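Report on one structure; see the data block that follows.
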Amino acid sequence: MIARRLVTRTMSAGAYYGFLAFVMIAALGPIVWIMVSSFKTNPQILSNGSFLPHPATAAGYRNVFTEVHLQTALVNTFIYAAGGTAGAVLAGFLAAYPTSRLTFPGRHLMTVVFSVALAVPIVGLIVPEFFIEKDLGLFDSKLGLILFYAAMFFPLSFVIQRAFLVSLPFEIEEAAMLDGAGYFKILGRVVAPLAVPGLATVAVLVFIFIWNEYFFAQLLTISFGNLNIQVTLAEFRSAFQRDTTAQLAGTTIAMLVPITAFLGLQRYVIAGLTAGSSR
Amino acid sequence: MAIPIALSVLPGVALFSIFILVPIGVLAVTSFSDWSVIGLHFVGTTNYARLIHDSIFWKAFTNTVVYAAVGIFIQIPIGIVTGMILAQRIRGWKVFRAVLFAPVVVSGAAYALIFANVYDSRYGLLNWVLHFVGIGGRDWLYNVSTALPAVAATYAFNAGFFMILVMTEVAAIPADILEAAEVDGATRLRRQRYIVLPLLRHIIGTCVLLSLLSSLAFFDIVYILTSGGPNNATLTLTVYAFQQYTADSWGYANAIGVFIVLVGFIVIVAMKKLFRIGEREL
């Protein structure tokens, strides 16, 4: 009886690892192949002789900075991600606090509208977004894209932070209120420090989302000095197709930032995704 | 308190109104217009009448359904199975979780470039692998019959997001339910099949909902890899709307946009009803 159990247990463990290995190769094989091949020379890539580079070269990484000026795109993307994240997190916190812990007319309406907006496929709004940015004089500007991203991720930020603030005990503000502290003093001194975990979760998630954003970046910016890294990568498909090794190096660099952020801050990414999607 | 509260919600309400609410209004109203660089004039339901008879639009719609089906019948089941395996905390589960989730944070543009190389007819990884097993290669993305499955295959195995959702849900199952089953002598596989899986109904519903919404918005990979071609074989609703925008056919682009937003709403309401998302049983 025990022996039979042991046998089936070993068999199911073998099946488990077999399945995991299959999914891992299917999902990561192409990504790893690109990362490895980014250290090959162009003739090596084209002849496709071996999986590993032989000999390895960093020419792609050099070209991508000297010929393609990927550094401009990297700095831009960082500006968009940092600015958009700051905007979405701050606006989300300021709106989530009163709707979660105070009563005032319109609070339910706001909560419902922002939560529903989380699921609206805003990619349908191509033409209106273009004209609103243009009419406000924000088209093809860094501020224009930062404000857009702050708005795009505001509903997600609001929903996650609201869920977090609701879970805090209500006594925390009472003492401060009795002391006669004003609204923003309570918000900044008492609530904000306790809200940091929720805030950090949103920040990590939104930063990665904006880093990876392509659709609105290519819609709302056109000059080279404003392009983000994803739009620059897409340009590789047409403009720099001959220098394949530079293309692969650029792709690897673009991927490494969110992958590193995820591996370092796994707990926040996972908490954020689970909180954001269960609503 | 009224003034501070108003000030507090103001930035969010302003951002939301300017960049989401007003655009939705503009979208709906101008979808009834003929709008281009020349000007805007209202034409009633002309754009919608054109939509119904536009075979390219319906091609984009059926392609979107195919992309959604790949998400629901390949991506999500892989996510459920990997999630259920890793939730049992088998040896090395943390490493597997991190490694299988990593592709989720890789951007659509990066995916497009990765698979442009995987499918390359001269040196691509796919033809190289197929050569080893004795199958002749082809030009996957430029062939009408292989382009759609090739584009869909780019994300079919990227199931880490659904895996994470399933793992979290399994962790929320009270331990005594599983312990009782173990005492009753149910095998590991049976416990998973008859106790864990039925309890995952809500989260599977959430997975289906999110998958459908992302298929509806599917753009980056298609646009960069094939621009919707060859002969519209890979075209999605979003790529088609964008093509109409670049062709200065703004009223018609907006009619397609209204269709996308409306389908999004229908999907949300239908999935919430079907899987009773939001109603907790445990």
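Read top to bottom, the protein sequences are chains A and B. If you read the first sequence in my numbering, its first letter stands for residue 603, the second for the next number, and so on. If you read the second sequence in my numbering, its first letter stands for residue -15, the second for the next number, and so on. All residues carry an ideal CB built from backbone N, CA and C; glycine is no exception. Please read these numbers as outputs of a predicted model, since none were measured by experiment.
Tell me which same chain residues have a C-beta within less than 8 Å of the C-beta of residue i, skipping the five on either side of it?
i: leucine 109 of chain B; result: Asn101 and Val102
i: alanine 155 of chain B; result: Ala71
What does a CB cutoff of less than 6 Å around residue i pick up in its chain, not counting 5 residues either side in sequence?
i: tyrosine 207 of chain B; result: Val223
i: leucine 258 of chain B; result: none
i: glutamate 166 of chain B; result: none
i: tyrosine 663 of chain A; result: Ala851
i: arginine 81 of chain B; result: Leu70
Pick from the options: whose alpha carbon is nearest that of residue i?
i: alanine 140 of chain B; options: A/Ala629, A/Gly620 and A/Ser614; result: A/Ala629
i: valine 83 of chain B; options: A/Val634, A/Met779, A/Ala819 and A/Phe826; result: A/Val634
i: threonine 862 of chain A; options: A/Thr834, A/Gln820, A/Asn665 and A/Phe809; result: A/Phe809
i: phenylalanine 145 of chain B; options: B/Asp168, B/Ala159, B/Ser195 and B/Pro158; result: B/Ser195
i: leucine -9 of chain B; options: A/Arg764, A/Tyr699 and A/Ile855; result: A/Tyr699
i: cysteine 191 of chain B; options: B/Val27, B/Ile69 and B/Ile62; result: B/Ile62
i: methionine 712 of chain A; options: B/Arg175, B/Ser1 and B/Ile56; result: B/Ser1
i: leucine 162 of chain B; options: B/Gln72, B/Ile(-13) and B/Arg34; result: B/Gln72
i: leucine 622 of chain A; options: B/Ala143, B/Leu221, B/Ile244 and B/Ser233; result: B/Ala143
i: serine 825 of chain A; options: A/Asn678, A/Pro645, A/Ala778 and A/Thr705; result: A/Asn678
i: leucine 648 of chain A; options: B/Ala134, B/Pro87, B/Lys78 and B/Trp112; result: B/Trp112
i: aspartate 123 of chain B; options: B/Lys256, B/Phe249, B/Val251 and B/Leu209; result: B/Leu209
i: glutamate 776 of chain A; options: A/Phe766, A/Val793 and A/Gln763; result: A/Val793
i: aspartate 737 of chain A; options: B/Ser211, B/Gly248, B/Ala(-14) and B/Val6; result: B/Val6
i: methionine 857 of chain A; options: B/Phe80, B/Val88, B/Asn216 and B/Trp77; result: B/Val88
Can you name, in chain order, every residue of its own chain whose Cβ lies under 7 Å from the Cβ of residue i, other than the five neighbours on each side?
i: glutamate 265 of chain B; result: Confidence at glutamate 265 of chain B is low in this model, with a pLDDT of 42, below 50, so its placement is unreliable and the value that follows should be read with caution. Within the same chain, glutamate 265 of chain B has no close Cβ partners at all.
i: threonine 876 of chain A; result: none
i: leucine 246 of chain B; result: none
i: valine 806 of chain A; result: Ala863, Leu867, Tyr870, Val871 and Gly874
i: alanine 254 of chain B; result: none
i: isoleucine 724 of chain A; result: Met754
i: proline 860 of chain A; result: Ile810, Trp813 and Asn814
i: glycine 23 of chain B; result: none
i: threonine 66 of chain B; result: Leu84, Ala143 and Met147
i: valine 242 of chain B; result: Leu11, Ala12 and Ser15
Going along chain A, which residues have a C-beta under 8 Å from residue i?
i: tryptophan 234 of chain B; result: Val729
i: valine -7 of chain B; result: Leu696, Ala697, Pro700, Thr701 and Met712
i: tryptophan 112 of chain B; result: Asn650
i: threonine 152 of chain B; result: Ile872 and Thr876
i: isoleucine -11 of chain B; result: Pro700, Leu704, Phe706 and Tyr785
i: phenylalanine 3 of chain B; result: Glu731, Ile734, Leu749, Phe750, Ala753 and Met754
i: isoleucine 148 of chain B; result: Ile872, Leu875 and Thr876
Counting only beta-carbon separations shorter than 8 Å, does residue i have a partner in chain E?
i: tyrosine 682 of chain A; result: In the structure shown, chain E cannot be found, because the protein chains are A and B.
So, using beta-carbon positions, are residue i and residue j closer together than 8 Å?
i: glycine 827 of chain A; j: phenylalanine 838 of chain A; result: no
i: tyrosine 126 of chain B; j: isoleucine 205 of chain B; result: no
i: serine 879 of chain A; j: leucine 149 of chain B; result: yes
i: threonine 854 of chain A; j: methionine 637 of chain A; result: yes
i: isoleucine 4 of chain B; j: alanine 719 of chain A; result: yes
i: valine 50 of chain B; j: alanine 136 of chain B; result: yes
i: valine 625 of chain A; j: glycine 694 of chain A; result: no
i: isoleucine 119 of chain B; j: alanine 615 of chain A; result: no
i: alanine 658 of chain A; j: phenylalanine 641 of chain A; result: yes
i: leucine 35 of chain B; j: alanine 239 of chain B; result: yes
i: tyrosine 785 of chain A; j: tyrosine 682 of chain A; result: no
i: glutamine 820 of chain A; j: alanine 836 of chain A; result: yes
i: asparagine 650 of chain A; j: tyrosine 107 of chain B; result: yes
i: alanine 44 of chain B; j: threonine 220 of chain B; result: yes
i: isoleucine 188 of chain B; j: isoleucine 64 of chain B; result: yes
Find the residues of chain B that neighbour residue i, judging by a C-beta separation of less than 8 Å, and give them in chain order.
i: asparagine 678 of chain A; result: Residues of chain B passing the Cβ test: none, with the nearest at roughly 14 Å.
i: glutamine 832 of chain A; result: Ser91, Gly92, Ala93, Ala94 and Asp204
i: phenylalanine 741 of chain A; result: Correct list: empty, because the minimum Cβ distance to chain B is about 13 Å.
i: phenylalanine 667 of chain A; result: Near phenylalanine 667 of chain A there are no residues of chain B at all, since even the closest Cβ is about 17 Å away, more than 8 Å.
i: phenylalanine 716 of chain A; result: Gly(-4) and Phe0
i: proline 860 of chain A; result: Val89, Val90 and Ser91
By the criterion of Cβ-Cβ separation under 7 Å, what are the contact partners of residue i in chain B?
i: glutamine 868 of chain A; result: Ala82
i: leucine 654 of chain A; result: Going along chain B, no residue has its Cβ under 7 Å from leucine 654 of chain A, so there is no contact; the nearest lies around 14 Å.
i: proline 723 of chain A; result: Leu197, Leu200, Ala201, Ile244, Val245 and Gly248
For residue i, which residues in chain B fall below 9 Å Cβ to Cβ?
i: phenylalanine 766 of chain A; result: Within chain B, no residue comes near phenylalanine 766 of chain A; the closest Cβ sits about 16 Å away, beyond 9 Å.
i: leucine 835 of chain A; result: Ser91, Ala93, Ala94, Ala96, Leu97 and Ile208
Quick one: which chain A residues come within Cβ less than 7 Å of residue i?
i: proline 87 of chain B; result: Ala629, Leu630 and Ile633
i: phenylalanine 57 of chain B; result: The contacting residues do not exist; phenylalanine 57 of chain B stays about 15 Å from chain A at best.
i: arginine 106 of chain B; result: Leu648
i: phenylalanine 226 of chain B; result: Ile728
Note down, in chain order, every chain A residue with its Cβ under 9 Å from the Cβ of residue i.
i: methionine 255 of chain B; result: None at all; the shortest Cβ gap to chain A is about 10 Å.
Quick check: the stretch 842 to 851 of chain A against the stretch 664 to 676 of chain A, are at least 3 beta-carbon pairs closer than 8 Å? yes
Evaluate the contact criterion for the stretch 197 to 205 of chain B versus the stretch 175 to 189 of chain B: three or more CB pairs, one atom per stretch, below 8 Å. no
* **Given 8 Å, three or more beta-carbon pairs between the stretch 682 to 700 of chain A and the stretch 753 to 765 of chain A** => yes
Q | At least 3 beta-carbon pairs within less than 8 Å: the stretch 722 to 733 of chain A vs the stretch 225 to 235 of chain B | A | yes
| request: Could you say if the stretch 762 to 777 of chain A and the stretch 731 to 742 of chain A meet the contact criterion of at least three C-beta pairs nearer than 8 Å? | output: no
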